[in-house]
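Notes to accompany the following structure.
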Amino acid sequence: MNELSGDTPLSWGKKIWYLLYNATRNLLGLRYPLRMRFWCARFKGVSQDSPMRSYLDSFVGTEIPRIFTPKSVSVLDIGCGTAYTRSLLALAGYSGVYTGVDIVQEPKFNLHAEPAFTTEFLNKDITTLHTNKKFDLVISNTSLEHIANDTAAVLKARELCADDGIEVHIVPSLWSLPLYLWHGYRQYTPARIRRLFNASQYVVYRMGGLGSFFLHFFCITIPERTLGVSVFRTRPAYKMLKIMANKVDRILPFCSGLYAVVVFHGQR
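In terms of our numbering, the sequence shown opens at residue 17 and continues consecutively.
Have a look at this one:
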């Protein structure tokens, strides 16, 4: 059965089908447990971003430099969008050559130039990209769920990663379905992760917990995704609730909204 993309306009009938189909698939994907590391950084300088965005930023900025120490690197960013990940890597102290690949170049791709990186954009589908280059860091930052053939994308990432490099794939977990509703083709379950990366040496991190799940659902999903009201995050109460949610996550590390799969090449 072909997957339905939530990135395209859907009728209400297809929206309901998308939710039911993915909910069923996510439940079935729990049959094969997967050992994961819980990752929950303390929020610093709380912003109006969603809790998952804050966790994502912190993971790229602090955890990746901890496990991958070279500072001068060649980066391949799959589904690069505005090159937001390039900015996060520069803030983390990385420099070198950044290559973004996407099927469409976002107008804001070159809006915030990073002097730390020499930048190149490839207007390509990652699954059909052909190059002799190898990259130290291959990253997909919440982009695999938007690629119809994510298996081909992961195989291509493995092919393009240097022998001593790493891949980082940040994906929505099965718990993200009620948070983001119609978003991408799919969410990622333990079973799907095992199937995609079974030939690799990898570690999976879970980001966020129950506090962030409820904060996102009640303060972002319901007002913004269903009612079209986007004013709550501008209020001081949101920042206070976000700090509280971050603390709750540490006590109740369940319903993590994102997974980060780190694939190691070579001996580790």
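From the three backbone atoms N, C-alpha and C, an ideal C-beta is built for every residue, glycine too.
query	result
Excluding the 5 residues flanking Q64 on each side, which residues of the same chain have their C-beta closer than 6 Å to its C-beta?	R249
Would you kindly report the start and end of the unbroken alpha helix (DSSP H) that includes H232?	L226 to H232
Could you please give the first and the last residue of the uninterrupted beta strand (DSSP E) stretch that includes L107?	Here L107 belongs to no beta strand (DSSP E); instead the alpha helix (DSSP H) covers Y100 to L107.
Using the three-state DSSP reduction, which class does L92 fall into: helix, strand or coil?	strand
Can you list, in chain order, the residues of its chain with a C-beta nearer than 6 Å to that of V91? Leave out the 5 residues immediately preceding and following it.	Y114 and L153
Would you list the one or two residues that DSSP bridges to P188?	L274
Can you give me the C-alpha to C-alpha distance between G200 and E161, rounded to a whole angstrom?	5 Å
Using 10 angstroms around the beta-carbon of G181, count the other beta-carbons present and answer buried if the total reaches 16, otherwise exposed.	buried
Tell me whether the stretch 37–55 and the stretch 196–212 touch, counting them as touching only if at least three CB pairs, one residue from each stretch, are closer than 8 Å.	yes
Indicate whether W198 and G273 have their beta-carbon atoms separated by less than 7 Å.	no
Using DSSP with H/G/I as helix, E/B as strand and the rest coil, what is I163?	coil
Pull up the DSSP beta-bridge partners for Y13, would you.	The requested residue 13 does not occur in the structure, where the chain is confined to residues 17 to 284.
From the DSSP secondary-structure annotation, give me the bridge partner or partners of G116.	D93 and F137
Taking contact to mean at least 3 C-beta pairs separated by less than 8 Å, is the stretch 125–133 in contact with the stretch 65–76?	no
Using 8 Å as the threshold, is the stretch 72–90 in touch with the stretch 98–108, meaning 3 or more CB pairs across them?	yes
From the DSSP secondary-structure annotation, give me the bridge partner or partners of S70.	Beta-bridge pairing links S70 to no other residue.
With H, G and I counted as helix, E and B as strand and the rest as coil, what does DSSP make of Y37?	helix
Where do the N-terminal and C-terminal ends of the beta strand (DSSP E) with D265 fall, by residue?	Run containing D265: none in the beta strand (DSSP E); it sits in the alpha helix (DSSP H), P252 to I267.
Might you give, ordered along the chain, the residues of its own chain that have their beta carbon closer than 6 Å to the beta carbon of V170, omitting 5 neighbours on each side?	L212
If you compare alpha carbons, which of L145, C56 and W28 is closest to T78?	C56
Just tell me which of N38, Y254, H232 and P81 has its CA closest to the CA of C271.	H232
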